[in-house]
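Visitor: In the UniProt record's numbering, the protein residues as written are 1 to 639. Just so you know, even glycine gets a beta-carbon here, dropped at the ideal spot from N, CA and C.
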Amino acid sequence: MGYRDTYARWQDNPETFWMEAARDIDWTRTPTEALTMLESGGASWFANGLTNTCWNAVDRHVAAGRGGQNALIYDSPVTGDKRKITYAELQTRVAQLAGALRAQGIEKGDRVLIYMPMVPETIEAMLACGRIGAIHSVVFGGFAAPELAVRIEDARPKAILAASCGIEPGRIIAYMPLLNAALEQAEHQPDFCAILQRPEQSATLTEGRDLDWLAFQEQVEPADCLPVEGDHPSYILYTSGTTGQPKGVLRHTGGQLVALNWSMKHIYNVAPGDVFWAASDVGWVVGHSYICYGPLIHGNTTVIYEGKPVGTPDAGAFWRVISEHNVTSFFTAPTALRAIKREDPEGACVSRYNLSCLKQIFLAGERADPDTITWAQSKLNVPVVDHWWQTETGWAIAANPLGLEELPTKLGSPTVPMPGYQVEILNEAGTPVAENELGVIAIKLPLPPGSLPGLWQADERFQTSYLSTYPGYYATGDAGMIDEDGYLYIMSRTDDVINVAGHRLSTGAMEEVLLDHPDVAECAVIGISDSLKGQRPLGFLCLKAGCTRPNDVIVAEVVQRVREKIGPVAAFKEALVVNRLPKTRSGKVLRGTMVKIADCVPYKSPATIDDPAILDEIESALHSIGLAQIRKAQSDKVL
1 MGYRDTYARW QDNPETFWME AARDIDWTRT PTEALTMLES GGASWFANGL TNTCWNAVDR
61 HVAAGRGGQN ALIYDSPVTG DKRKITYAEL QTRVAQLAGA LRAQGIEKGD RVLIYMPMVP
121 ETIEAMLACG RIGAIHSVVF GGFAAPELAV RIEDARPKAI LAASCGIEPG RIIAYMPLLN
181 AALEQAEHQP DFCAILQRPE QSATLTEGRD LDWLAFQEQV EPADCLPVEG DHPSYILYTS
241 GTTGQPKGVL RHTGGQLVAL NWSMKHIYNV APGDVFWAAS DVGWVVGHSY ICYGPLIHGN
301 TTVIYEGKPV GTPDAGAFWR VISEHNVTSF FTAPTALRAI KREDPEGACV SRYNLSCLKQ
361 IFLAGERADP DTITWAQSKL NVPVVDHWWQ TETGWAIAAN PLGLEELPTK LGSPTVPMPG
421 YQVEILNEAG TPVAENELGV IAIKLPLPPG SLPGLWQADE RFQTSYLSTY PGYYATGDAG
481 MIDEDGYLYI MSRTDDVINV AGHRLSTGAM EEVLLDHPDV AECAVIGISD SLKGQRPLGF
541 LCLKAGCTRP NDVIVAEVVQ RVREKIGPVA AFKEALVVNR LPKTRSGKVL RGTMVKIADC
601 VPYKSPATID DPAILDEIES ALHSIGLAQI RKAQSDKVL
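1) Touching or not, the segment 356-376 and the segment 333-344, by the rule of three or more beta carbon pairs under 8 Å?
2) Tell me whether I630 sits in a helix, a strand or coil according to DSSP, three-state version.
3) Tell me which residues share the same chain as A556 and place their Cβ nearer than 7 Å to its Cβ, disregarding the 5 neighbours each side in the sequence.
4) Counting Cβ pairs, one atom from each stretch, are 3 or more of them under 8 Å apart for the segment 162-175 and the segment 115-122?
5) Nearest-angstrom Cα distance between R171 and S137?
6) Quick one, which of L260, G68, V558 and P568 has its alpha-carbon nearest G420's?
7) Using a Cβ-Cβ cut-off of 7 Å (strictly less than) and excluding sequence neighbours within five positions of Q360, which residues of its own chain qualify?
8) Are the CB atoms of I132 and K108 nearer to each other than 8 Å?
9) Going along the chain, which unbroken runs of the beta strand (DSSP E) with 3 or more residues stay wholly within the segment 195-271?
10) Just list the alpha helix (DSSP H) runs in the segment 414-472, keeping only unbroken ones of 4 residues or longer that don't cross its boundaries, in chain order.
11) Do the CB positions of I443 and T476 come within less than 8 Å of each other?
12) Which residue comes first and which comes last in the beta strand (DSSP E) that contains W45?
13) Do T584 and L576 have their beta-carbon atoms positioned less than 8 Å apart in this structure?
14) Taking a contact to mean a Cβ-Cβ separation below 8 Å, would you say residue 651 touches Y473 in this structure?
15) Taking the alpha carbon of A570 as the point to measure from, which residue in F143, I498, I167 and T393 has its own alpha carbon closest?
16) Please list, in chain order, all residues of the same chain as R66 whose beta carbon is under 8 Å from its beta carbon, the five residues on each side excluded.
17) Can you give me the Cβ contacts of I123 inside the same chain, cut-off strictly under 6 Å, excluding the 5 residues immediately before and after it?
18) Okay, do the segment 440-459 and the segment 38-49 touch, 3+ Cβ pairs below 8 Å being the bar?
19) Residue range of the beta strand (DSSP E) that P383 falls in?
20) Determine contact between the segment 24-32 and the segment 185-195, defined as no fewer than three beta-carbon pairs at a distance below 8 Å.
21) Alpha carbon to alpha carbon, how far is Q11 from V228?
22) Could you check what DSSP says for V562 in three-state terms: helix, strand or coil?
23) Going by the CB atoms, is the gap between T372 and K341 shorter than 8 Å?
24) By alpha-carbon positions, which one of D210, L35, R4 and G2 ends up nearest to P14?
25) Using only alpha-carbon positions, find the residue among D519, G80, P518 and Q535 that is nearest to V525.
26) So who's on the other strand from R29, going by DSSP bridges?
27) Taking contact to mean at least 3 C-beta pairs separated by less than 8 Å, is the segment 416-431 in contact with the segment 394-408?
28) What did DSSP end up calling Q91 once you bin it into helix, strand or coil?
29) Apart from the five residues on each side of it in sequence, which residues of its chain come closer than 6 Å, Cβ to Cβ, to E561?
30) So within the segment 304-344, which uninterrupted beta strand (DSSP E) runs reach at least 3 residues, ignoring any that extend past its ends?
31) Could you pull out every residue in the same chain whose Cβ sits closer than 7 Å to the Cβ of C225, ignoring the five residues on either side in sequence?
32) Distance, Cα to Cα, I441 vs A479?
33) Between the C-alpha atoms of P345 and E484, what's the straight-line distance to the nearest angstrom?
34) Anyone know if the C-beta pair for C523 and G546 falls short of 8 Å?
35) How is the alpha helix (DSSP H) around Y353 delimited, first residue to last?
36) Here's a check: name, in chain order, each residue in its chain whose Cβ is nearer than 8 Å to the Cβ of G567, leaving out the five neighbours to either side.
What follows is the structure in structure tokens.
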């Protein structure tokens, strides 16, 4: 069946659709009911079934005779280490770690916080938790101590699994000082911490609290898989909240298994045995869904990459990994491709590698601009699919489902909603708007399997954050439109829609125009305060490597382009050339923080920022045109 027929089949009977998809999962007790609505307004799927995540991700493939297939490929250009772990080897390693956790008193429902880098042991830790019914919460390795302390306090883990350090190009990040500081700040204390000692830097362990990763697994019985209810929490993943207090997004076991398995075939177009690579980090939702769980549940080989798109060692790093490990389907962020394009605009590095194995590339994490997509298509000669989803949904809301059929690409659109998602565009009153009209993107309830059923111990916050603004809908926090063919366009976050003299304008639409300029590699547009118009747009431009044209000429050209393509109503008259943009580690541009700097509003450096020093560069650039006052003391930046 093609996309239209499949989507219509879901619309006709959603519960039957997902019960059929659930047949591809191994159940100890097959669910007899698909959907259960919760008092919080969330949806629970397959609640009366019994299953186990680790069994479906590891053991069943061994039982089917595929234990010799590679499950994990670890490739670390920052350390020079490469490893391949088969499904049979992974089963042994995970069962042993799970047995060690159980021997230390970890039981079903206990929380285990994982604070580790991109190494195979991190995936094994996640799977070991699922094997015995523990609930894991992965925190990005190297997070600042105060942010780590907040997550410890909220999840209240019985154990913490950590590593001695993380490796970045040219530097080592010691984790233990951060973990020690976080535990000093947190009231809650774990029963124990297990520490993976990395060769690059070992850590001093605290006697009575810390256990050596290898030693604590000795002389324990391996653990079997414990069947859990379909609505048993698999994990808690914290995402930023508007109040500054992170939100603990929950993921249920049964729904996650069914949705991710379905997506691997129908969206990502891979068969069991194919190599799938998501170039993300396990600290983010992409790492949970598509480095760890999705590929392994579906029987794929997944790549764990400890490196960068450029600089480890050059702009050909991704193409080397794809060629060397025979990657079929590749998932990355638009910002990664933009970084590669900036360093290698002609794609010279691509020609160094045989990429005949690669069938498709998927982009997510931030809006994929048309220029980046067309560049990648022209250099790689494969479909480049922009698709859209969130931490909360756990998998794609909208995509081009290559495993069903390849739909025509419309640049700027992540294509069409996936089964499970009835996407509508609403005005501020909650009424659907006309085709091609900008509005708030909302999803008709209930949300599908794999989406969040709620927040960790925060039902009221779940309702106020997502459900109360538009009753009957999940509010995505994004703005966009749907065209006459049903294609969805994500223009910006709702707080990035700016109001210029009464006109609601998308900063994302302006960014598209800026990126169409031949000298612009990356950009961002923000709305800054204006006493006359309320807000006015300001652009930031990062130029391509080797560009020698004067900055003022390029600025004048992009201003003229916006005037021609969007119109004078945009009032786009200012742009700054900067060396780099402030981003999170997952590649999202910190536009909100940039707005606060421009408007002289006190701000806190986000915990997820890749390099805090970039904010000082942005502040200096804004000060040069009289928009921001440089603070006299660093403490002024902290709320």
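Guide: On the basis of the data shown:
1) yes
2) Any answer about I630 is weak, because its pLDDT of 44 lies below 50 and its placement is not dependable; what the coordinates show is given next. Coil.
3) none
4) yes
5) 26 Å
6) L260
7) N269, S329, V382, P383, V385 and L402
8) yes
9) 210-212, 233-239 and 247-252
10) 459-462
11) yes
12) A43 to W45
13) no
14) Because the chain is modelled from 1 through 639, residue 651 falls outside the range shown and cannot be assessed.
15) I498
16) Y87, P272, G273 and G299
17) C292
18) yes
19) Taken as a continuous stretch (DSSP letters only), P383 belongs to no beta strand (DSSP E), as it is neither H nor E.
20) no
21) 29 Å
22) helix
23) yes
24) L35
25) Q535
26) L50
27) yes
28) helix
29) According to the sequence as given, residue 561 is Arg; it is not Glu. For R561, where only same-chain residues beyond five positions count, the Cβ hits under 6 Å are V513.
30) 327-332
31) N52, C54, W55, D59 and R131
32) 5 Å
33) 35 Å
34) no
35) Note, Y353: premise wrong, no alpha helix (DSSP H); not H, not E.
36) none
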